[in-house]
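Peer 1: Numbering (numbering that gives the first Met the number 0), first residue to last: 0 to 93.
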Amino acid sequence: MASQNLPVLIKGSNGQAVKLVQQLLNAYVPYIKNAKSIKEDSDFGQNTEQAIITFQKAYRNQFDGTLEGDGKVGNLTWRALGDFGYRHSPAGQS
Numbered sequence: 000m001a002s003q004n005l006p007v008l009i010k011g012s013n014g015q016a017v018k019l020v021q022q023l024l025n026a027y028v029p030y031i032k033n034a035k036s037i038k039e040d041s042d043f044g045q046n047t048e049q050a051i052i053t054f055q056k057a058y059r060n061q062f063d064g065t066l067e068g069d070g071k072v073g074n075l076t077w078r079a080l081g082d083f084g085y086r087h088s089p090a091g092q093s
């Protein structure tokens, strides 16, 4: 996932990039303690923000201690979303 071409997303954002984040977060629910499915509605509201924070904290604890649990989707979080998917794919587990 080329994070340099992706927008910074915060609470109140909307559109296809938000929906992509929501889809990724829902796909990762089985792998993250205390994660809950969220509505894939393209709107970055409270539930999406909380899901991002949960993801960021889980990623920080498992792989990278530098990722902030701030609820914003910037370059580091985009990169972490892609990396997490790779690590939990058959290719990433070899």
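Just so it is clear, CB atoms sit at the ideal spot from N, CA and C, and this is done for glycine as well.
#1: In chain order, which alpha helix (DSSP H) runs of at least 4 residues are fully inside the region 17-72?
#2: I'd like to confirm the pairing. Which residues does DSSP put opposite Asn-13 in its beta bridges?
#3: Between the region 38-46 and the region 14-23, do at least 3 Cβ pairs fall closer than 8 Å?
#4: Please state the DSSP three-state secondary structure of Leu-5.
#5: In angstroms, rounded to a whole number, what distance separates the CA positions of Asn-46 and Ala-90?
#6: Compute the beta-carbon to beta-carbon distance between Ala-50 and Asp-63, rounded to the nearest angstrom, for a pair I have assumed lies under 8 Å.
#7: The alpha helix (DSSP H) spanning Ala-90 covers which residue range?
#8: If contacts are defined as beta-carbon pairs under 8 Å, then Gly-68 and Gln-55 qualify, I think. What distance do you get, rounded to the angstrom?
Peer 2: Taking the geometry as given:
#1: 45-61
#2: Translated into positions along the sequence shown, residue 13 becomes position 14. Bridge partners of Asn-13: Asp-42.
#3: yes
#4: In the sequence shown, the residue the question calls residue 5 occupies position 6. Leu-5 falls in the coil class under three-state DSSP.
#5: By 1-based counting over the sequence shown, the position of residue 46 is 47. By 1-based counting over the sequence shown, the position of residue 90 is 91. In a straight line, the C-alpha of Asn-46 is about 31 Å away from that of Ala-90.
#6: Walking along the sequence shown from the start, residue 50 turns up at place 51. Walking along the sequence shown from the start, residue 63 turns up at place 64. Their Cβ separation, rounded to whole angstroms, is 18 Å, which puts Ala-50 and Asp-63 out of contact at 8 Å.
#7: Working through the sequence shown from its first residue, we reach residue 90 at position 91. Counting along the chain, Ala-90 falls outside any alpha helix (DSSP H), and DSSP gives it neither H nor E.
#8: The residue labelled residue 68 in the question sits at position 69 within the sequence shown. The residue labelled residue 55 in the question sits at position 56 within the sequence shown. Yes, they are in contact, since the Cβ atoms of Gly-68 and Gln-55 sit about 4 Å apart, within 8 Å.
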